[in-house]
DNA sequence: ACAGCATCCTGATTGC
DNA sequence: TGCAATCAGGATGCTG
C-alpha cells in the first residue's frame, strides 16, 4: 500500500524523467484517467510536453510540465510507476514514451489508481489533492497543529488517516505511529493529553523518516520505480502481526476494525 | 455539518 | 480437492 515513504521512494527514482519530453502516450484503461474527459484530449495535451519536475505531495505524485500543466497521479493500493521494464503487461493502464526512447508504465492490478492532467488554474478539480493537510515532515506539522485537530470524538486513528488533516499516512504507518506513541487507536481524539499529542507528532515524523531510509514497506504489492521491494517491513511492530506477540512486552497483539480499516495494536503497551 | 458506511477492483488467502 | 466467501484499503459519494 503506497503511503508517504513509498511514494517518496518512487518519486526519488523518477527524477531521471526531468528535462525529458513526452513523445507518445497510450491509455489502455479509460477509467484510470479522471481529467480531461476524453483519453484523446489527455494524450494530445501531453504529447510534446517537457517534464520540468517530479515531486510528491501527500500520497500524490506530481509531474510538473511546461505550459503550466500538472499530471497528478495516485497509486492507491496496487498502482506502480515503472521506468525500467519495456513490457506492456495485462495490468498496464497508461504508458508514456519519452524522446530518447525511455518508457514509463503505469501498471495497476486493481484499477483504483488515477491520473489527472490539469492546468494550473483548474487544480481545484482534483479535490483530494487540493484539500490536502500539511506535510507531516514539515514544520507546519507540530504539536500545536495536531492538538487543534483533536477536538473530536472520532478515533485517533481515523483522525490521522484523514488526508485533509495530515497528508500521507495510511493504514500501515498509522498503526506503527500509534504503537510507538503508546496510544490505543480507538481512543477519542479529544481524550489525548498534550504530552500524548506531542509524542505522537514525534513518532509520526520518526516512523516516516525511517521508512523512507528503508525504501518503504513492501507488504505485498508495493515496488519502487525500478520494480524493487522496500525493506521497512522488517521493522514493523504491529501492522500485519495480529495474533502474534508484542515485540516489547510479549502480550498477544489484538485487532479491531476502526473506520473500516484493520487495526493491530498491543492492549498492554497502548493505553 | 458531519459521521459512518458502501463502492470501486482483482488476486491471494481462508473456510467448508 | 475444489469452489466460494472473505480480505486487502485510499478516496469518494451517498445516507441518515
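Residue numbers (full-length UniProt numbering): 1 to 271. Think of the CB as a built atom: it goes at the ideal place given N, C-alpha and C, for glycine as much as any other residue. On a predicted model such as this, the values are computed, not experimentally measured, just so you know.
Going by the DSSP bridge assignment, what does residue i pair with across the sheet?
| i | result |
| --- | --- |
| residue 79 | 108 |
| residue 186 | Answer by DSSP bridge pairing: none, since residue 186 is not bridged. |
| residue 251 | Looking at the DSSP assignment, residue 251 forms no beta bridge with any residue, so it has no partner. |
| residue 29 | For residue 29, which the question treats as bridged, DSSP gives no partner whatsoever. |
| residue 256 | 263 |
| residue 181 | Paired residue(s): none; residue 181 is not in a bridge. |
| residue 35 | 116 |
| residue 92 | 107 |
| residue 22 | 98 |
| residue 245 | 252 |
| residue 155 | 188 |
Could you name the residues of the same chain whose beta carbon sits closer than 7 Å to that of residue i, not counting the 5 residues immediately before and after it, in chain order?
| i | result |
| --- | --- |
| residue 97 | 23, 24 and 103 |
| residue 258 | 155, 157, 158, 185 and 186 |
Throw me the rounded Cβ distance for the residue i and residue j pair, which I believe falls under 8 Å.
| i | j | result |
| --- | --- | --- |
| residue 74 | residue 60 | 6 Å |
| residue 143 | residue 197 | 5 Å |
| residue 266 | residue 249 | 7 Å |
| residue 95 | residue 108 | Contact doesn't hold; Cβ gap of about 12 Å is too wide. |
| residue 217 | residue 211 | 6 Å |
| residue 69 | residue 39 | That pair is no contact at about 16 Å. |
| residue 260 | residue 9 | About 27 Å; that fails the 8 Å criterion. |
Have a look at the options and flag the residue whose alpha-carbon is nearest the alpha-carbon of residue i.
| i | options | result |
| --- | --- | --- |
| residue 204 | 87, 180, 217 and 213 | 180 |
| residue 254 | 241, 67 and 109 | 241 |
| residue 18 | 66, 189, 146 and 51 | 51 |
| residue 86 | 260, 226 and 6 | 226 |
| residue 13 | 264, 190, 84 and 138 | 84 |
| residue 58 | 135, 65 and 80 | 135 |
| residue 110 | 228, 56 and 1 | 1 |
| residue 182 | 268, 82, 28 and 30 | 268 |
| residue 77 | 7, 29, 239 and 47 | 7 |
Is there at least one non-hydrogen atom of the ligand SAH closer than 7 Å to the beta-carbon of residue i?
| i | result |
| --- | --- |
| residue 249 | For the ligand SAH, the structure offers nothing, since it holds no ligand at all. |
Given residue i, which residues of its chain have a CB within under 6 Å of its CB, disregarding the five upstream and five downstream residues?
| i | result |
| --- | --- |
| residue 174 | 157, 160 and 161 |
| residue 71 | 63 and 117 |
| residue 43 | 25 |
| residue 79 | 108 and 113 |
Grab me the residues of residue i's own chain with a C-beta within less than 8 Å of its C-beta, minus the 5 sequence neighbours each way, in chain order.
| i | result |
| --- | --- |
| residue 125 | 35, 116 and 118 |
| residue 177 | 160, 169, 200, 203, 204 and 207 |
| residue 151 | 189 and 190 |
| residue 54 | 11, 14, 15, 17, 18, 61, 62, 63 and 64 |
| residue 244 | 252 and 253 |
Taking the runs of the beta strand (DSSP E) that are 3 residues or longer, which of them lie wholly in the segment 42-82? The segment 42-82 contains these whole beta strand (DSSP E) runs: 51-57, 60-65, 69-74 and 79-82.
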